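Order-wise, the sequence lines are chains F and G. Take 1 as the starting number for the first sequence in this note's numbering and just add one per residue. Take 328 as the starting number for the second sequence in this note's numbering and just add one per residue. Glycine included, every Cβ here is placed at the ideal spot set by N, Cα and C. All values derive from a computational prediction rather than experimental measurement. As structure tokens, the structure follows; a few thoughts come after it.
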Amino acid sequence: MTVSTVTPALPRRAILPLGRHVNELGLVAIILLLYVVFGSISPGFLSANNQVNILRDGSTIGIAAWAQTLVIVAGEIDISVGPMVAFISVIMAFALKDNMPLGLTLGGGLILGALLGSVAGVLRGVFNVPSFVATLGLWSALRGLALFMTNALPVSFADNDTLDWIGDNVFGLPVSAVVMIVLFAIFVFVSRKTAFGRSVYAVGGNANAAHLCGINVTRIRILIFTLSGLMAAVTAIMLLARLGTGNAGAASGLEFDVIAGVVVGGTSLSGGRGSMLGTLLGVLTITVIGDGLVLYGINSFVQDVVRGVIIVAAVLLNVAASRRSGR
Amino acid sequence: MTTTQGAPVAELRGAFRRYPGVVALDGVDFSVQPGEVRAVLGKNGAGKSTLIRLLTGAETPDEGIVLLGGEPFREQGGGRTREATRRGLRAVYQELSLVPSMSIAENMFLGAWRRRGGMLDHAAMVVETHHALHRLGLDLDPHLPVSALSPAARQMVEIARAFLGTPRLVILDEPTSSLAAAEVDQVCSAVRAAADQGVAVLYVSHRMNEIRRLADSATVLRDGRIISTLPVAEARTEDIVQMMLGRVAQAQRVEPRTGGQPLLSVRALSLPPKLANVSFELRAGEVLGIAGLLGSGRTELLESILGLRKPEAGTILVDGASVPRRSYKGMIRRGFGYTPESRKEDGIIPLLGVDENTVITDFRRVDRAGVLSGDAIARATRTIIDRLHVKTAATSTPVVTLSGGNQQKVVIGRWIHARSRILLLDEPTRGVDVEAKRQIYDIIRSLAREGRAILFVSSEIEELDQVCDRVLVLRQGCMAEEHQAPDIDAERLLAACLG
Chain F
1 MTVSTVTPAL
11 PRRAILPLGR
21 HVNELGLVAI
31 ILLLYVVFGS
41 ISPGFLSANN
51 QVNILRDGST
61 IGIAAWAQTL
71 VIVAGEIDIS
81 VGPMVAFISV
91 IMAFALKDNM
101 PLGLTLGGGL
111 ILGALLGSVA
121 GVLRGVFNVP
131 SFVATLGLWS
141 ALRGLALFMT
151 NALPVSFADN
161 DTLDWIGDNV
171 FGLPVSAVVM
181 IVLFAIFVFV
191 SRKTAFGRSV
201 YAVGGNANAA
211 HLCGINVTRI
221 RILIFTLSGL
231 MAAVTAIMLL
241 ARLGTGNAGA
251 ASGLEFDVIA
261 GVVVGGTSLS
271 GGRGSMLGTL
281 LGVLTITVIG
291 DGLVLYGINS
301 FVQDVVRGVI
311 IVAAVLLNVA
321 ASRRSGR
Chain G
328 MTTTQGAPVA
338 ELRGAFRRYP
348 GVVALDGVDF
358 SVQPGEVRAV
368 LGKNGAGKST
378 LIRLLTGAET
388 PDEGIVLLGG
398 EPFREQGGGR
408 TREATRRGLR
418 AVYQELSLVP
428 SMSIAENMFL
438 GAWRRRGGML
448 DHAAMVVETH
458 HALHRLGLDL
468 DPHLPVSALS
478 PAARQMVEIA
488 RAFLGTPRLV
498 ILDEPTSSLA
508 AAEVDQVCSA
518 VRAAADQGVA
528 VLYVSHRMNE
538 IRRLADSATV
548 LRDGRIISTL
558 PVAEARTEDI
568 VQMMLGRVAQ
578 AQRVEPRTGG
588 QPLLSVRALS
598 LPPKLANVSF
608 ELRAGEVLGI
618 AGLLGSGRTE
628 LLESILGLRK
638 PEAGTILVDG
648 ASVPRRSYKG
658 MIRRGFGYTP
668 ESRKEDGIIP
678 LLGVDENTVI
688 TDFRRVDRAG
698 VLSGDAIARA
708 TRTIIDRLHV
718 KTAATSTPVV
728 TLSGGNQQKV
738 VIGRWIHARS
748 RILLLDEPTR
758 GVDVEAKRQI
768 YDIIRSLARE
778 GRAILFVSSE
788 IEELDQVCDR
798 VLVLRQGCMA
808 EEHQAPDIDA
818 ERLLAACLG
């Protein structure tokens with residue numbers, strides 16, 4: 001994807017406007033197919049209530065997935081998302097339990113997320129620890145720390161009207177979904193229209209060349225992980241509001257869904273290629289699969305199997321479609 | 328392996344190959360005899376690569392047949408390349424195909440391991456590698472990982488691998504583009520020795536002097552057709568160039584200019600063991616060539632100036648003021664621009680468009696209050712594309728789809744976008760076709776006319792007189808000689824490089 005608008009294509013590239021979006025079109029087709037299938041086999045799947053559910057579940061994955069897209073485009077990966085969300089929600093729950101004002105608590109949570117993310121970023125950018133290893137360390141340490149601090153018990157706190165509002169709906173839409181959509185717009189803008197966003201693509205496409213062009217590669221790497229941590233904190237706030245308690249075991253396996261959403265969305269794990277729109281559709285695909293299978297009522301272990309198969313099939317279809325369109 | 332006696336080693340009959348919108352090969356009949364060294368010439372896009380890919384089995388012709396040793400391929404699709412290898416075909420491409428983390432010996436036998444009793448026979452592989460390298464005049468330890476080798480040494484290892492065992496046809500696609508003269512000699516003698524033993528060699532190159540030294544015959548391609556196959560000894564270079572271009576090309580000479588203010592002064596720069604006491608001045612409006620063989624310290628010199636390496640001693644002055652502690656970013660801010668030797672690894676960002684590859688050096692010029700402007704990017708890119716004659720379908724076309732010459736123009740163009748005053752160009756014409764080379768020379772001359780200072784590093788000695796006002800010869804890390812235009816002579820330069 002590029003930011004320019006001029007595309008007077010050669011004859012052989014005449015299908016380019018469509019061809020460029022073959023990935024997105026394929027995902028829309030997959031989502032429609034899932035709606036047709038689940039609409040006919042899963043009772044209540046098409047109800048308005050369930051659409052709201054899908055949006056709310058989607059926001060848990062989506063908010064973290066926007067930042068993860070930049071991380072993966074830059075050729076890195078952040079697998080610490082789930083434990084980070086749980087850890088931050090536990091810390092915030094403790095703060096609220098000690099009657100810390102809500103604004104201070106949420107602000108502190110966001111700062112904590114950014115700091116934890118930047119730890120991974122510094123490990124990668126400055127000390128050249130592979131990002132998989134750096135975030136694997138965080139993954140384990142944060143999960144362990146949260147469980148240790150809470151003894152694996154939920155941390156409850158006094159009711160808070162504002163927090164309840166965040167966990168509720170506004171104009172029939174979950175607040176978390178609105179936050180997700182607003183953040184989506186911001187990330188689309190950042191990834192396409194700012195020097196930072198384009199530098200992320202450049203670093204992922206060829207870090208040596210980007211460095212020689214004067215881009216501060218270390219800074220970009222630290223920033224993407226900081227953003228990822230920040231989005232984990234936003235997700236933690238949404239989770240805290242929805243559950244009403246801080247749970248050390250919450251968001252278990254979230255990183256799997258986030259990364260799956262990004263990859264199903266067509267972002268290349270080798271870096272340099274990917275789009276926010278693709279991730280949006282990828283996240284929707286993952287969420288719809290999860291929701292539809294629950295409503296269909298099959299065994300939850302079998303759900304994981306089916307979900308795994310559908311994810312790989314979706315990526316396979318996508319790769320095949322991209323290849324046919326000549327990319 | 329059954330072969331009809333007297334049959335050509337490889338043959339194409341009535342081969343057509345079409346891509347969407349392009350006819351890459353247009354009814355080509357082609358054959359090579361055992362022991363023949365055949366040069367294949369043509370501009371980029373003339374059909375050389377397609378012809379090679381048909382022979383190696385990487386592609387199948389739309390019409391016509393491919394014969395190896397008088398017999399068609401038995402396999403279809405992906406099995407073809409393996410079949411070609413089994414039947415004695417070896418190819419070395421411009422793009423290297425070595426595994427950097429593995430040793431030279433392991434790379435030499437990649438996929439064709441020597442085994443003894445079910446186990447890998449490392450000792451035998453090391454010994455054979457040593458002999459193969461020795462034949463090319465290389466004294467490298469076979470245990471060294473490929474990542475420790477310079478680009479030229481890697482290329483030599485690839486060539487050594489191609490001649491390993493008993494090949495029947497070896498295809499060398501611009502094997503010498505990253506090599507210095509001494510290594511080219513080694514490659515030439517290895518090719519001749521192999522030909523004397525009956526190995527056929529297809530030699531794709533743009534360098535006429537090499538072709539004259541080692542090829543028996545030359546096939547000239549243009550627009551997917553074979554224009555002529557002729558004995559090299561009887562062909563004049565101008566005739567071959569004319570066949571390649573389809574029109575008469577005029578060799579042009581530089582009108583020498585004396586520079587203005589010195590923009591860059593290098594004083595007593597030392598980086599043992601690569602550079603010793605190097606001093607020179609680069610003035611506004613001049614093109615200063617640096618001639619030197621591989622390993623003479625050319626790239627190290629540029630990197631030391633730019634702050635990418637820390638020299639042991641020496642002073643760098645920019646605009647007459649000393650810059651003691653240099654950072655790469657700081658040097659860019661001072662007006663430097665750098666195009667690295669390896670375009671693919673350090674130059675282009677392959678998947679991004681021509682536009683973003685251009686404006687990447689200075690986003691501030693295309694950004695309005697922190698927001699990148701699509702219009703401004705397109706306009707800035709269009710300016711560079713028009714000025715440098717970059718052939719691209721659109722400003723947003725991924726740069727990786729462009730030809731090598733056009734990619735190089737983009738890499739140079741991004742520093743024009745950044746308004747750099749001092750350009751350090753490391754081998755800007757490497758792997759670029761004749762016509763694009765000519766255009767790059769013109770671009771460099773016109774940049775100098777605008778008052779920029781250009782340091783032009785090249786191992787293709789014969790191009791320096793076409794673009795430089797002055798040429799400094801770097802020999803084993805020392806400044807050996809200085810030559811002034813119009814008295815720059817390729818033969819004397821080469822002699823100076825060799826010492």
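Can you tell me whether DSSP reads residue i as helix, strand or coil?
i: G:N684; result: helix
i: G:Y655; result: helix
i: F:M231; result: helix
i: F:S252; result: coil
i: G:Y346; result: strand
i: F:S176; result: helix
i: F:I311; result: helix
i: G:L827; result: Since the displayed chain G opens at 328 and closes at 826, residue 827 of chain G lies outside it and no answer follows.
i: G:E363; result: coil
i: G:G391; result: strand
i: G:M806; result: strand
i: F:F329; result: With chain F covering 1 to 327 only, the question about residue 329 of chain F has no answer from this structure.
i: G:D856; result: This structure gives no information on residue 856 of chain G, because the portion of chain G shown stretches from 328 to 826.
i: G:I739; result: helix
i: F:V22; result: helix
i: G:I534; result: The sequence as given places Arg at residue 534 of chain G; Ile does not occur at that position. Coil, per DSSP.
Which residue or residues does DSSP assign as beta-bridge partners of residue i?
i: G:Y665; result: G:L751
i: F:G246; result: F:V155
i: G:Q811; result: G:R797
i: G:F357; result: G:L339
i: G:M446; result: G:R443
i: F:N169; result: F:P174
i: G:S544; result: G:R365 and G:P558
i: G:E398; result: G:L395
i: G:D702; result: Bridge partners of G:D702: none, in fact.
i: G:E608; result: G:S592
Kindly give me the distance between the Cβ atoms of residue i and residue j, rounded to whole angstroms, as I take these residues to be in contact under 8 Å.
i: F:M92; j: F:L240; result: 6 Å
i: G:R741; j: G:I687; result: 6 Å
i: G:L491; j: G:M435; result: 6 Å
i: G:V315; j: G:A542; result: Given a span of 328 to 826 for chain G in the structure shown, any question on residue 315 of chain G remains unanswerable.
i: G:S271; j: G:G641; result: Summary: the structure shown does not reach residue 271 of chain G, with chain G confined to residues 328 through 826, and so no result is reported for it.
i: G:L751; j: G:L629; result: 5 Å
Interface residues of chain G around residue i at Cβ under 9 Å?
i: F:T194; result: F690, D694, G697, V698 and L699
i: F:R198; result: L679, E683, V686, I687, F690 and L699
Within this structure, are the beta carbons of residue i and residue j separated by less than 8 Å?
i: G:L394; j: G:R414; result: no
i: G:V518; j: G:R539; result: no
i: G:R417; j: G:E410; result: no
i: G:R340; j: G:T377; result: no
i: F:L27; j: F:G246; result: no
i: G:Y655; j: G:G634; result: yes
i: G:C500; j: G:V419; result: It should be noted that the sequence gives Asp, not Cys, for residue 500 of chain G. Yes, these two residues count as a Cβ contact at 8 Å.
i: G:R610; j: G:G647; result: no
i: F:T162; j: F:D78; result: no
i: G:D682; j: G:A703; result: no
i: G:L801; j: G:G619; result: yes
Taking C-beta pairs closer than 8 Å, name the residues in chain G that residue i reaches, listed in chain order.
i: F:I215; result: I687
i: F:A202; result: I676, L679, E683 and I687
i: F:G205; result: I676, P677, L678 and L679
Run through chain G and tell me which residues come within less than 7 Å of residue i, C-beta to C-beta.
i: F:L212; result: Y665, P667 and D673
i: F:A209; result: D673, G674, I675 and I676
i: F:R273; result: L678
Give the interface partners of residue i over in chain F, defined as CB-CB distance under 9 Å, in chain order.
i: G:R849; result: The question about residue 849 of chain G has no answer, for chain G in this structure spans 328 to 826.
i: G:K656; result: G214 and N216
In chain F, which residues lie less than 8 Å from residue i when you measure between Cβ atoms?
i: G:K718; result: Within 8 Å Cβ-Cβ: nothing; G:K718 doesn't reach chain F, min ~11 Å.
In chain F, which residues lie less than 7 Å from residue i when you measure between Cβ atoms?
i: G:P659; result: The sequence shown places Ile at residue 659 of chain G, rather than the Pro named in the question. Per Cβ cutoff of 7 Å: G214.
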